[in-house]
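Protein chains in written order, with my numbering: chain A, 1 to 363; chain B, 1 to 363. Don't be surprised by glycine CBs; every beta carbon is placed ideally from N, CA and C. Values in this document were obtained by computation on a predicted structure and should not be read as measured data. Structure, as structure tokens:
2 protein chains.
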Amino acid sequence: MPPATQTQLAKHLGISRSTVAAALNPNSSIQLSEATRQLVLQAAAELNYRPNQPARLMRGMKSGLIGIFHFGGLSQVAAERAWHASRAFESAGYRILPYDLSWSPDGAGTACETMLDAGVEGVLVAGLNDPGSIAELKAIQDRGIPMVTLSGNELKGVPHIRGDANGAIRQMTEHLLRLGKRRLLLLTHHSAKIAPGTYVWASAERLKGFKSALRSAGAPMVDSFTRKAGVQGRAITSDMPLEVFDPYQTCRKIMETVLEEACLPDAVICGNDDWAIGAMSAIHERGLRIPGDIAVTGYDNTSQGQYLAVPLTTVAQPSQAMAERSVEMLLAMIRQKRKPKFPPLTLFPCELVVRQSCGAAGA
Amino acid sequence: MPPATQTQLAKHLGISRSTVAAALNPNSSIQLSEATRQLVLQAAAELNYRPNQPARLMRGMKSGLIGIFHFGGLSQVAAERAWHASRAFESAGYRILPYDLSWSPDGAGTACETMLDAGVEGVLVAGLNDPGSIAELKAIQDRGIPMVTLSGNELKGVPHIRGDANGAIRQMTEHLLRLGKRRLLLLTHHSAKIAPGTYVWASAERLKGFKSALRSAGAPMVDSFTRKAGVQGRAITSDMPLEVFDPYQTCRKIMETVLEEACLPDAVICGNDDWAIGAMSAIHERGLRIPGDIAVTGYDNTSQGQYLAVPLTTVAQPSQAMAERSVEMLLAMIRQKRKPKFPPLTLFPCELVVRQSCGAAGA
DNA sequence: CTGTTAGCGCTTTCAC
DNA sequence: GTGAAAGCGCTAACAG
Chain A
1 MPPATQTQLA
11 KHLGISRSTV
21 AAALNPNSSI
31 QLSEATRQLV
41 LQAAAELNYR
51 PNQPARLMRG
61 MKSGLIGIFH
71 FGGLSQVAAE
81 RAWHASRAFE
91 SAGYRILPYD
101 LSWSPDGAGT
111 ACETMLDAGV
121 EGVLVAGLND
131 PGSIAELKAI
141 QDRGIPMVTL
151 SGNELKGVPH
161 IRGDANGAIR
171 QMTEHLLRLG
181 KRRLLLLTHH
191 SAKIAPGTYV
201 WASAERLKGF
211 KSALRSAGAP
221 MVDSFTRKAG
231 VQGRAITSDM
241 PLEVFDPYQT
251 CRKIMETVLE
261 EACLPDAVIC
271 GNDDWAIGAM
281 SAIHERGLRI
291 PGDIAVTGYD
301 NTSQGQYLAV
311 PLTTVAQPSQ
321 AMAERSVEML
331 LAMIRQKRKP
341 KFPPLTLFPC
351 ELVVRQSCGA
361 AGA
Chain B
1 MPPATQTQLA
11 KHLGISRSTV
21 AAALNPNSSI
31 QLSEATRQLV
41 LQAAAELNYR
51 PNQPARLMRG
61 MKSGLIGIFH
71 FGGLSQVAAE
81 RAWHASRAFE
91 SAGYRILPYD
101 LSWSPDGAGT
111 ACETMLDAGV
121 EGVLVAGLND
131 PGSIAELKAI
141 QDRGIPMVTL
151 SGNELKGVPH
161 IRGDANGAIR
171 QMTEHLLRLG
181 KRRLLLLTHH
191 SAKIAPGTYV
201 WASAERLKGF
211 KSALRSAGAP
221 MVDSFTRKAG
231 VQGRAITSDM
241 PLEVFDPYQT
251 CRKIMETVLE
261 EACLPDAVIC
271 GNDDWAIGAM
281 SAIHERGLRI
291 PGDIAVTGYD
301 NTSQGQYLAV
311 PLTTVAQPSQ
321 AMAERSVEML
331 LAMIRQKRKP
341 KFPPLTLFPC
351 ELVVRQSCGA
361 AGA
């Protein structure tokens, strides 16, 4: 049941192939009578004609396809980014080839080949954090295919767009200090398998913001909390492997260990909402109260946060604006022959979403 | 930077194209000396040769690609199905083209075209529930491309695999009855936009199981609960539109309405875990206790269920086995010229996962 | 073992 | 307006 070809249409109608081609191709250089055009179009519909993409690609035609890599379909922010980007590409007349890399434990290798084979004109890398995969994207970059990275890790020579994690965590820390918290714990992740030299901003920038707020408050960073008076800050950057289908687990384990120590934090700033949920679970299990005993905050403003027993204070990124900006950039790069110069880094400010888990009175 | 072609390799080496082709093609009918083979292979690596997929496709070669449609990347079961299916396809030597339809509000139309253009040899429809999309898959079916549906809606003439929701909900209902629950409420969803004549098994089968358990217990189905003694069953099938990024919302709203009634249920059986979380949130908001005042159960055994303030009793499907079975079927259909006859429906039994939200003592 | 040739479906250029 | 012909990169069938 393969669809009819132009040759078949031509034979069927008793005309030449190029006439058929011209009729089927709206912006053909060659003009023909409306009558024949309609004749061809009608026959095409009847005989179930369908343009053969491989053949067009071989002729050097554009595919109209944009590849979207993302990582972690389960993560709501990742999904939102991809969603908004998809909408934007589609309204610009492109089709998308979405590829969820969380299903490719062996990295992005085959995924890149599939994209290349499909003839993508540009690639949006939306939230790729896997250390191995990011390197494999070079295959696409080397082919001269425009690329933009949106959140996730950076790739040298590729414009990068992300939320201002530094500023957000600084704000969050200041917020908790204002609420009277004194022993603040920051929990982030930094894969042990990451390629050396890679800047893992997700953990590094959060740490910067945390430290900067504490510094302004004149508080020291410690390795473990003490009962001394005054504010103390502490950061744990885990390199435990993450479970694909249980994003809560890692932080729960970390928190369980922390809760066995002599002096506990009274506020825990988690790197994302899933981690916050894991931390909360460990805290509840221990019979402690949130936010009474320990405040917990997240990052990403996923919908779950609103449905927890103690609604989650978190950080909201402007996902839509970020996605749309990245699409604009990518399309500009595709359309202009001379590569437009975009800044290597575009930062979007984020907002605190104050609910109850931080212990704010007004929540 | 397009990769080198075979012609370029041949020119570079001063040999004929077909020699190059034979060297590059392991199972070529033509044998050549190891020396020349190596020579070609080395040159291929040096000049960055990469087979041109469109050209091979045009020669009628197999793509080695399997399309996977899924719906709801945010849903963990959907992701698990896709994950296990991907693994299975890959270990069978196929590459996959994953396409998340939750990003295509306009249906599966363009997605189908992209798949067709890429030359997929088979398509696995994993958990597609969207009413419009399912019809559009006919485009693929009509092309004679093997297809299997895994969970989600059925498609006429396509083998379908799913969990035994009927049996699972019957078990769940019996379990709650055994725990002494008397006013049982079943909450399911059934899109209003569904094409007439479509069997929406997800809600229908759950309802069957629910009714069958109640019938065995001699309990009537009611439209609203009363204070009369004895067991009563009630079912609400909502057709509210679902929010892509907030799967909890719908059931929360339903539950809020229910909680305003005079006589409340003492057990709520939700169609999936997300709904259970939404229901729990409404119940907590109201100041009621789970499971003390109202027991709540879910379906799907997503990881979240373990991290809730009251861990969720739910139903676990054998996702991996189901995914692998569907892969086996699809591959058999692809490999055998004469279509193997598979049963139109393959049912997998599910298991209760008893935690605390149902009020079981042993939990 | 190697080289030549044909042709997959399409677009484009050039003659009629 | 229409037709003929070339060629994208590849494979397969054949001849040398």
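Using beta carbons (cut-off 8 Å, strictly below), is residue i in contact with chain B?
i        : result
GLY305/A : no
PHE69/A  : no
ILE140/A : no
ILE277/A : yes
PRO54/A  : yes
ASP273/A : no
MET58/A  : yes
GLY163/A : no
ALA363/A : Interpretation of ALA363/A is limited by its pLDDT of 47, a score under 50 that renders its predicted location unreliable; no figure is taken from the coordinates.
MET1/A   : yes
Which partner residues does residue i have in the DSSP bridge list?
i        : result
MET221/A : GLY233/A
ILE161/A : LEU150/A, THR346/A
HIS70/B  : ASP100/B, ALA126/B
LEU352/A : VAL315/A
ARG289/B : DSSP output for ARG289/B lists no bridge partner at all.
VAL296/B : VAL268/B
HIS189/B : SER238/B
LEU184/B : GLY233/B, ALA267/B
LEU65/B  : ARG95/B
ALA4/B   : TYR49/B
Please go through the same chain and pick out, in chain order, the residues whose beta-carbon is closer than 7 Å to the beta-carbon of residue i, but skip the five residues on each side of it.
i        : result
PHE342/A : PRO159, MET329
HIS12/A  : ALA43, LEU47
Among the options, whose alpha-carbon lies nearest the alpha-carbon of residue i?
i        : options                                : result
GLU121/B : ALA202/B, GLY67/B, ALA10/B             : GLY67/B
ASN272/A : ARG286/A, MET255/A, GLY298/A           : GLY298/A
ILE161/B : LEU345/B, SER18/B, ALA360/B            : LEU345/B
PRO98/A  : CYS112/B, ARG183/B, GLN304/B, ALA92/B  : CYS112/B
GLY167/A : THR313/A, ARG59/A, GLU351/A            : GLU351/A
LEU128/B : ALA82/B, GLU90/B, GLY287/B             : ALA82/B
VAL123/A : GLN171/A, ALA323/A, PHE348/A           : ALA323/A
GLY107/B : ARG95/B, PHE71/B, LYS62/B              : PHE71/B
GLY144/A : ILE254/B, MET1/B, MET61/B, LEU347/B    : MET1/B
GLU243/B : ARG17/A, GLN76/A, MET58/A              : GLN76/A
PRO51/B  : ARG95/A, GLY119/A, THR226/A, THR149/A  : GLY119/A
LEU65/A  : ARG183/A, TYR49/A, LEU184/A, SER86/A   : SER86/A
ILE294/B : ALA360/B, VAL222/B, LYS208/B, TRP201/B : ALA360/B
PRO196/A : ALA135/A, ALA229/A, ILE236/A           : ALA135/A
GLU3/B   : ARG335/A, ILE140/A, ARG56/A, PRO265/A  : The question names Glu, but residue 3/B in the sequence shown is Pro. The shortest Cα separation from PRO3/B among ARG335/A, ILE140/A, ARG56/A, PRO265/A belongs to ILE140/A.
GLY218/B : GLY233/B, PHE225/B, SER224/B           : GLY233/B
SER224/A : THR198/A, SER216/A, THR257/A           : THR257/A
ARG325/B : ALA45/B, ALA88/B, LEU179/B             : ALA88/B
GLN356/A : LYS339/A, ARG289/A, GLN320/A, LYS253/A : ARG289/A
Return no unless some Cβ of chain A is closer than 8 Å to the Cβ of residue i.
i        : result
SER33/B  : no
GLU369/B : An answer regarding residue 369/B cannot be provided, because it is not within the stretch 1 to 363 covered by chain B.
TYR49/B  : no
HIS189/B : no
LEU347/B : no
TYR94/B  : no
TYR248/B : yes
GLN317/B : no
GLU80/B  : yes
GLN76/B  : yes
TYR99/B  : yes
Excluding the 5 residues flanking residue i on each side, which residues of the same chain have their C-beta closer than 6 Å to its C-beta?
i        : result
ALA173/A : Per the sequence shown, the amino acid found at residue 173/A is Thr instead of Ala. Cβ within range, chain order: PHE210, ALA213.
SER151/A : GLY127, ARG162
ALA165/B : GLU205, ARG206
ALA40/A  : The amino acid at residue 40/A is misidentified as Ala; the sequence shows Val. Excluding residues within five positions, the ones whose Cβ falls inside 6 Å are VAL20, ALA23.
My guess is that residue i and residue j are in contact by the Cβ rule of under 8 Å, so how many angstroms apart are they, rounded?
i        : j        : result
ILE15/A  : ALA22/A  : That pair is no contact at about 10 Å.
LEU155/B : LEU137/B : 6 Å
SER133/B : LEU101/B : 6 Å
PHE245/A : SER63/B  : Contact doesn't hold; Cβ gap of about 29 Å is too wide.
GLY278/B : TYR307/B : Going by Cβ atoms, the distance from GLY278/B to TYR307/B rounds to 16 Å, so no, they are not a contact pair.
THR313/B : VAL354/B : 5 Å
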